[in-house]
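Protein chains in written order, with the numbering used here: chain A, 63 to 453; chain B, 63 to 453. Don't be surprised by glycine CBs; every beta carbon is placed ideally from N, CA and C. Inspection log for the structure reproduced underneath, given as structure tokens.
There are 2 protein chains.
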Amino acid sequence: MVSSFNPTPRTLMGPGPSDVNPRILSALARPTIGHLDPEFIRLMDETKQLLQYAFQTKNELTIPVSAPGSAGMETCFVNLVEPGDKVVVCVNGVFGGRMADNVRRVGGEAVLIEDEWGTPVDPEKLKATLSEHRDAKIVAFVHAETSTGVRSDAKTLCSIAKEHDCLTIVDCVTSLAGVEVNLDGWGADAAYSGTQKCLSCVPGLSPISLSDVAVKRIKSRTTQVSSWFLDLNLVMGYWGEGQTRAYHHTAPVNALYGLHESLVILKEEGLEASWARHQQNHLALRAGLEALGLEFIVAEDYRLPQLNAVTIPDGVDEGSVRKQLLQQFNLEIGAGLGALAGKVWRIGLMGYASNPRNVLFCTNALESVLSGYNAHINKGVATEAVQEAYA
Amino acid sequence: MVSSFNPTPRTLMGPGPSDVNPRILSALARPTIGHLDPEFIRLMDETKQLLQYAFQTKNELTIPVSAPGSAGMETCFVNLVEPGDKVVVCVNGVFGGRMADNVRRVGGEAVLIEDEWGTPVDPEKLKATLSEHRDAKIVAFVHAETSTGVRSDAKTLCSIAKEHDCLTIVDCVTSLAGVEVNLDGWGADAAYSGTQKCLSCVPGLSPISLSDVAVKRIKSRTTQVSSWFLDLNLVMGYWGEGQTRAYHHTAPVNALYGLHESLVILKEEGLEASWARHQQNHLALRAGLEALGLEFIVAEDYRLPQLNAVTIPDGVDEGSVRKQLLQQFNLEIGAGLGALAGKVWRIGLMGYASNPRNVLFCTNALESVLSGYNAHINKGVATEAVQEAYA
Numbered sequence: 063m064v065s066s067f068n069p070t071p072r073t074l075m076g077p078g079p080s081d082v083n084p085r086i087l088s089a090l091a092r093p094t095i096g097h098l099d100p101e102f103i104r105l106m107d108e109t110k111q112l113l114q115y116a117f118q119t120k121n122e123l124t125i126p127v128s129a130p131g132s133a134g135m136e137t138c139f140v141n142l143v144e145p146g147d148k149v150v151v152c153v154n155g156v157f158g159g160r161m162a163d164n165v166r167r168v169g170g171e172a173v174l175i176e177d178e179w180g181t182p183v184d185p186e187k188l189k190a191t192l193s194e195h196r197d198a199k200i201v202a203f204v205h206a207e208t209s210t211g212v213r214s215d216a217k218t219l220c221s222i223a224k225e226h227d228c229l230t231i232v233d234c235v236t237s238l239a240g241v242e243v244n245l246d247g248w249g250a251d252a253a254y255s256g257t258q259k260c261l262s263c264v265p266g267l268s269p270i271s272l273s274d275v276a277v278k279r280i281k282s283r284t285t286q287v288s289s290w291f292l293d294l295n296l297v298m299g300y301w302g303e304g305q306t307r308a309y310h311h312t313a314p315v316n317a318l319y320g321l322h323e324s325l326v327i328l329k330e331e332g333l334e335a336s337w338a339r340h341q342q343n344h345l346a347l348r349a350g351l352e353a354l355g356l357e358f359i360v361a362e363d364y365r366l367p368q369l370n371a372v373t374i375p376d377g378v379d380e381g382s383v384r385k386q387l388l389q390q391f392n393l394e395i396g397a398g399l400g401a402l403a404g405k406v407w408r409i410g411l412m413g414y415a416s417n418p419r420n421v422l423f424c425t426n427a428l429e430s431v432l433s434g435y436n437a438h439i440n441k442g443v444a445t446e447a448v449q450e451a452y453a
Numbered sequence: 063m064v065s066s067f068n069p070t071p072r073t074l075m076g077p078g079p080s081d082v083n084p085r086i087l088s089a090l091a092r093p094t095i096g097h098l099d100p101e102f103i104r105l106m107d108e109t110k111q112l113l114q115y116a117f118q119t120k121n122e123l124t125i126p127v128s129a130p131g132s133a134g135m136e137t138c139f140v141n142l143v144e145p146g147d148k149v150v151v152c153v154n155g156v157f158g159g160r161m162a163d164n165v166r167r168v169g170g171e172a173v174l175i176e177d178e179w180g181t182p183v184d185p186e187k188l189k190a191t192l193s194e195h196r197d198a199k200i201v202a203f204v205h206a207e208t209s210t211g212v213r214s215d216a217k218t219l220c221s222i223a224k225e226h227d228c229l230t231i232v233d234c235v236t237s238l239a240g241v242e243v244n245l246d247g248w249g250a251d252a253a254y255s256g257t258q259k260c261l262s263c264v265p266g267l268s269p270i271s272l273s274d275v276a277v278k279r280i281k282s283r284t285t286q287v288s289s290w291f292l293d294l295n296l297v298m299g300y301w302g303e304g305q306t307r308a309y310h311h312t313a314p315v316n317a318l319y320g321l322h323e324s325l326v327i328l329k330e331e332g333l334e335a336s337w338a339r340h341q342q343n344h345l346a347l348r349a350g351l352e353a354l355g356l357e358f359i360v361a362e363d364y365r366l367p368q369l370n371a372v373t374i375p376d377g378v379d380e381g382s383v384r385k386q387l388l389q390q391f392n393l394e395i396g397a398g399l400g401a402l403a404g405k406v407w408r409i410g411l412m413g414y415a416s417n418p419r420n421v422l423f424c425t426n427a428l429e430s431v432l433s434g435y436n437a438h439i440n441k442g443v444a445t446e447a448v449q450e451a452y453a
């Protein structure tokens, strides 16, 4: 007979899910109410406001999609791309590639701009491509590549796209709340994120935000959106204004309690303070990792503080190290993805998980496990470096 | 400043979400672990087994989709229907209509069989339609129409479809765990359900099950599935066999804790016991409602015990009654949907909510509110009828 599941508590320092704030776990367990209950409609309205704050936007259509980040990505593409539309997709990691797949599946034509994994999207390449493909309608890129830990210059890329009359779709899955995201400042038209990264919430929802221009584009489509579930024309009827909400699908009520709580926590801390905290803990982690001889794959100027991708030392079995960390320390760090599988570790410091305890714990645990491979690591070297960074 | 959300506890007796078992709420709040953690893979394997039990099937591809029931519906259609495919859709309520919409959005041709709302799908009409449309590839119907409370004869409909070499897609959103669902006994090829109905879990996930024949059909498609997120070719890589799971999207970890717990509870009670409990409480509710002069819109033989659709008495403002029930009693019952909007109430007795306390409470609360409209209701008449039914 299968019995209740009681997971071993872990410290989550991979690419997400990251450690969840206990306040959010408590919120998840609050009593379920109906998805058309007046109190729930208040929660929806507050969630929209709080998401507008997080994304720094006045976009009316700023809501959570009722499914994980990948569905948020798909929501942007199925609604904004019509069959035959040309979309310039900047690919510098796994998630740019996924964007291109999304374009093709809805019958669009994806024009790829490729940059080496671990480097940011090159604005010059975007300019050149848009000069060549003057009929392109949309530019899509990843602000923070979760597969490499690189940040691209969203403001510059959006402004180039605008000069060429293109809408922009920006992947902010890993950036939101960890580094500055400023949709209105960038002039971005569509963005999506996830709950399980720097919002420190459980996985399962995808906040999105679309500009009025993007909404107009959706309303004036000549073909129907291929997905019923993600058709924003329908979703807007439920997430719209006033007390009358048209039933579309049943909202994931308790998951939304969790997201709401995570956004309240973010507002209490303040965006700027959250970004600064991510940066401070990143610098301390970096000191510890470098003391252990690990090297970052992303150049300093483009590094995401919340996702630290480092190379595996020679002679070290990367899978075995992760296994030891999990089994001996209940600590999860991430493996490489796609072209970087087996070549890097991805160490997350996201949201609630971005704190000095996790930095010290992770560098200590790594020191302990790596010492088994390399006699040249002096005991305590990571701790010393971390302490110095915080001093 | 927006503060934490603390909902007023309600009694949920609408069409879902229904009252959630407190064990499930507790499970939601357990510590989040990674979606590739070995412990989580064990949870996934157990969840598949438990879903096979609930659906009464040996289908290998029996998994929860990471989004609400509507996405489970869409998963079946986007994977099984290719552009140009003819699909016979039986429509006897809102959700049959939604199925037809799904067919059209992926480029299929929907051939409709319409039956009056509140009546079951007519097998003779299906026979006639399939004799006429010999090139039809799929038959789709709703086992338990949530908009009307009617049950159709799934076994007969599946068998007619099979005689005409059609695959079947069956909507079991409201039926699973409330009345008999027997995929293998029916010979159904694809079915989907929801978590927030008779599984008494929170909304947000959609259990699905596909036969080997259906999987073969998906693997031999000549066109790509239009949705990346719902493409079962990719999803199977994560939910497949063994310890190696290919990352697709980040699973909604804590929501899956909840579903797992709800399925453990179902297994502990046993399917037959769960069906019998739903029937017993339905009969008691029926006695109480009829004592108040309310009439069922579905003939006795086809009534779902878990969803009781009754007419509104003359001179009664249906919206005002629901509002009074919510405000005075914290009790939610459902309004009519689609063609039945304003014409019926839908009273759910689903899963954990199907119990004598709720039956007595609901009939008492209704008696109290309806007395304000109708002087002919004798005090205590509902309670008496309910008590007699349980005796």
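Quick one: using the 10 Å Cβ neighbour count with 16 as the cut-off for buried, is residue i buried or exposed?
i, result
"Tyr452/A", "exposed"
"Arg419/B", "exposed"
"Gln368/A", "buried"
"Met412/A", "buried"
"Thr7/A", "Residue 7/A falls outside the range modelled here, since chain A spans only 63 to 453, and no answer is possible."
"Glu323/B", "buried"
"Gly158/B", "buried"
"Pro130/B", "buried"
"Pro77/B", "buried"
Kindly indicate the opening and closing residues of the alpha helix (DSSP H) around residue i.
i, result
"Phe464/B", "Summary: the structure shown does not reach residue 464/B, with chain B confined to residues 63 through 453, and so no result is reported for it."
"Asp274/B", "274-281"
"Lys224/A", "216-225"
"Thr124/A", "Element bounds for Thr124/A: not the alpha helix (DSSP H) but the beta strand (DSSP E), 123-127."
Under 8 angstroms Cβ-Cβ, which residues of chain B neighbour residue i?
i, result
"His6/A", "Nothing about residue 6/A can be reported from this structure: the residues present for chain A run from 63 to 453 only."
"Leu454/A", "Missing from the structure shown is residue 454/A; chain A here goes from 63 to 453 and no further."
What in chain E is Cβ-close to residue i, meaning under 7 angstroms?
i, result
"Asp163/A", "In the structure shown, chain E does not exist; the protein chains are A and B."
Between which residues of its own chain and residue i is the CB-CB distance below 8 angstroms, once the five residues before and five after are set aside?
i, result
"Ser433/B", "Ile439, Lys441"
"Asp215/B", "Pro182, Val183, Pro185"
"Pro93/B", "none"
"Gly275/B", "With the sequence shown as reference, residue 275/B is identified as Val, and Gly is not the correct amino acid for it. Leu229, Asp251, listed in sequence order."
Taking Cβ positions only, does residue i come closer than 8 angstroms to chain B?
i, result
"Gln23/A", "With chain A represented from 63 up to 453, any question about residue 23/A goes unanswered, as that position is not in the structure."
"Thr312/A", "yes"
"Arg283/A", "no"
"Ala456/A", "This structure cannot settle anything about residue 456/A, because the visible part of chain A is limited to 63 through 453."
"Ser128/A", "yes"
"Glu323/A", "yes"
"Ala133/A", "yes"
"Tyr319/A", "yes"
"Leu399/A", "yes"
Looking at the secondary structure, which residues open and close the beta strand (DSSP E) in which residue i lies?
i, result
"Asp376/B", "Looking at the DSSP string, Asp376/B is not in any beta strand (DSSP E), and its letter there is neither H nor E."
"Glu171/B", "171-176"
"Cys152/B", "148-153"
"Ala253/A", "252-254"
"Met75/A", "73-75"
Taking CB distances under 8 angstroms as the criterion, tell me whether residue i reaches chain A.
i, result
"Thr70/B", "yes"
"Arg419/B", "no"
"Arg160/B", "yes"
"Val326/B", "yes"
"Arg348/B", "no"
"Gln286/B", "yes"
"Phe117/B", "no"
Tell me which same chain residues have a C-beta within less than 6 angstroms of the C-beta of residue i, skipping the five on either side of it?
i, result
"Tyr254/B", "Gly134, Met135, Cys138, Ser268, Ile270"
"Lys217/B", "Trp248"
"Gly170/A", "Val143, Asp147, Val149"
Could you pull out every residue in the same chain whose Cβ sits closer than 7 angstroms to the Cβ of residue i, ignoring the five residues on either side in sequence?
i, result
"Thr124/B", "Lys110, Leu113, Gln114, Phe117, Ser271"
Would you mind telling me which residues of chain A sit closer than 7 angstroms to residue i, beta carbon to beta carbon, in chain order?
i, result
"Asn316/B", "Leu90, Val264"
"Val82/B", "Thr94"
Residue i versus chain B: which residues are under 7 angstroms apart at the beta carbon?
i, result
"Leu87/A", "Ala91"
For a contact meaning CB atoms closer than 9 angstroms, what does residue i contact in chain B?
i, result
"Lys329/A", "Met63, Val64"
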